[in-house]
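Enquirer: Per numbering that gives the first Met the number 0, the sequence shown runs over residues 0 to 77. We put the CB at the ideal spot given by N, CA and C, even for glycine. Have a look at this one before I ask anything.
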Amino acid sequence: MIIGVKDVEYIREYIIKVTFDNNESKIVDLKNFIEGEIFEPLKEIDYFRNVRVDEDIETVCWDNGADFSPEFLYETGV
0 MIIGVKDVEY
10 IREYIIKVTF
20 DNNESKIVDL
30 KNFIEGEIFE
40 PLKEIDYFRN
50 VRVDEDIETV
60 CWDNGADFSP
70 EFLYETGV
(Lines of atoms letter the chains of each structure in order from A and count residues from 1; the text may use other names and numbers.)
(Lines give C-alpha, C1' and ligand atoms only; values in the text may rest on other atoms or scores of the structure.)
Protein backbone atom coordinates (compact mmCIF):
# COMPACT_ATOMS: atom_id res chain seq x y z
CA MET A 1 0.00 0.00 0.00
CA ILE A 2 1.30 3.44 -0.90
CA ILE A 3 0.42 5.94 1.78
CA GLY A 4 1.42 9.50 2.54
CA VAL A 5 1.32 11.75 5.58
CA LYS A 6 -0.81 14.87 5.42
CA ASP A 7 -0.55 16.15 9.02
CA VAL A 8 1.46 15.61 12.18
CA GLU A 9 0.89 16.84 15.72
CA TYR A 10 3.35 16.65 18.60
CA ILE A 11 1.68 15.02 21.63
CA ARG A 12 4.36 14.55 24.32
CA GLU A 13 7.83 13.09 24.83
CA TYR A 14 8.51 11.12 21.60
CA ILE A 15 4.87 10.62 20.72
CA ILE A 16 3.22 12.15 17.66
CA LYS A 17 -0.21 11.92 16.07
CA VAL A 18 0.08 11.27 12.35
CA THR A 19 -2.79 11.77 9.90
CA PHE A 20 -2.41 9.90 6.63
CA ASP A 21 -3.80 10.71 3.21
CA ASN A 22 -6.45 8.00 3.66
CA ASN A 23 -7.77 10.15 6.58
CA GLU A 24 -6.70 7.62 9.23
CA SER A 25 -4.86 8.99 12.25
CA LYS A 26 -2.47 6.99 14.39
CA ILE A 27 -0.49 7.65 17.54
CA VAL A 28 3.18 6.80 17.04
CA ASP A 29 5.75 6.49 19.83
CA LEU A 30 9.19 6.90 18.27
CA LYS A 31 11.19 6.64 21.51
CA ASN A 32 12.73 3.26 20.64
CA PHE A 33 13.50 4.23 17.03
CA ILE A 34 15.66 7.32 17.55
CA GLU A 35 19.05 5.77 16.84
CA GLY A 36 21.90 6.70 14.55
CA GLU A 37 23.69 9.91 13.69
CA ILE A 38 20.86 11.57 11.75
CA PHE A 39 18.43 11.00 14.64
CA GLU A 40 20.77 12.16 17.44
CA PRO A 41 19.31 15.73 17.60
CA LEU A 42 15.80 14.25 18.02
CA LYS A 43 16.78 12.96 21.47
CA GLU A 44 16.36 16.55 22.66
CA ILE A 45 12.62 17.00 23.23
CA ASP A 46 12.74 20.68 22.23
CA TYR A 47 14.12 19.62 18.85
CA PHE A 48 11.83 16.60 18.47
CA ARG A 49 8.72 18.69 19.04
CA ASN A 50 9.51 20.71 15.88
CA VAL A 51 8.34 17.82 13.73
CA ARG A 52 6.61 18.82 10.50
CA VAL A 53 5.33 17.32 7.25
CA ASP A 54 7.52 17.50 4.17
CA GLU A 55 4.91 17.77 1.44
CA ASP A 56 7.37 16.75 -1.29
CA ILE A 57 8.02 13.31 0.24
CA GLU A 58 4.72 13.12 2.18
CA THR A 59 6.15 12.15 5.54
CA VAL A 60 7.22 13.60 8.87
CA CYS A 61 10.62 15.25 9.06
CA TRP A 62 12.85 17.57 11.04
CA ASP A 63 15.07 20.45 9.96
CA ASN A 64 18.23 18.30 9.96
CA GLY A 65 16.76 16.01 7.28
CA ALA A 66 15.74 13.16 9.59
CA ASP A 67 12.52 11.44 8.58
CA PHE A 68 10.58 8.20 8.93
CA SER A 69 8.82 6.55 6.02
CA PRO A 70 5.02 6.85 5.94
CA GLU A 71 4.72 3.06 5.76
CA PHE A 72 6.82 2.65 8.92
CA LEU A 73 4.70 5.25 10.75
CA TYR A 74 1.49 3.56 9.62
CA GLU A 75 2.62 0.09 10.70
CA THR A 76 4.09 1.32 14.01
CA GLY A 77 1.15 3.51 14.98
CA VAL A 78 -1.89 2.52 17.00
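Hey, ILE37 and GLY64: beta-carbon distance below 9 angstroms or not?
Expert: On the sequence shown, position 38 is the one that residue 37 refers to. On the sequence shown, position 65 is the one that residue 64 refers to. Yes.
Enquirer: For ASP62, which residues in the same chain have their Cβ closer than 7 angstroms to its Cβ, ignoring the five residues on either side in sequence?
Expert: Locating residue 62 in the sequence shown gives position 63, counting from the first residue. ASN49.
Enquirer: Apart from the five residues just before and just after GLY3, which ones in its own chain have a Cβ nearer than 8 angstroms to its Cβ?
Expert: As a working mapping, residue 3 is identified with position 4 in the sequence shown. Around GLY3: PHE19, ASP20, GLU57, THR58 and PRO69.
Enquirer: Label VAL27 either buried or exposed according to how many other C-beta atoms from any shown protein chain fall within 10 Å of its C-beta, with 16 as the threshold for buried.
Expert: Sequence index remark: in the sequence shown, residue 27 carries index 28 (1-based). When all chains shown are included, VAL27 counts as buried.
Enquirer: With a 10 Å radius around its C-beta and 16 neighbouring C-beta atoms as the bar for buried, classify VAL7 as buried or exposed.
Expert: Here the question's residue 7 lines up with position 8 in the sequence shown. Buried, since its Cβ has 16 or more Cβ neighbours within 10 Å.
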